[in-house]
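Notes for the one structure printed next.
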Amino acid sequence: MSESEFLSPAELREMTEKARLEAQCARLAELGLPFRLAGRRVLVSRFHVREWLAGRTVTPSRGIDLSAVR
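Next comes the structure, spelled out in structure tokens:
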């Protein structure tokens, strides 16, 4: 069975120790973990969580910066 790319709502509650969406977002921002809102759901990538747990800096991709290309 394959797991989802994103944490489940229960996993997110356990990780942030928060139940409310706003509190979860605040905690994720405090931890430096990238996340997105999809309606009333917080999306957090398992990859980013694994990188964060390994002590690596997690920076969300903004795509290629073509203005830097000459």
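Numbered according to the numbering used here, the sequence shown spans residues 4 to 73. For every residue, glycine included, the Cβ atom is placed at its ideal position computed from N, Cα and C.
### Query
Would a C-beta distance cut-off of 8 Å place G35 and V61 closer than the cut-off?
Taking 8 Å as the Cβ cut-off, G35 and V61 qualify as a contacting pair.
### Query
Quick one: what does DSSP say V61 is sitting in, helix, strand or coil?
When secondary structure is reduced to three states using DSSP, V61 falls in the coil class, being assigned neither helix nor strand.
### Query
Residues in its own chain within less than 6 Å of T19 by CB, not counting five upstream and five downstream?
So the list reads Q27 and R30, once near-sequence residues are dropped.
### Query
How far does the alpha helix (DSSP H) with V52 in it reach, from first residue to last?
Note, V52: alpha helix (DSSP H), R49 to L56.
#### Entry: Range of the contiguous alpha helix (DSSP H) that encloses R30
For R30, the enclosing alpha helix (DSSP H) stretches over residues L24 to L34.
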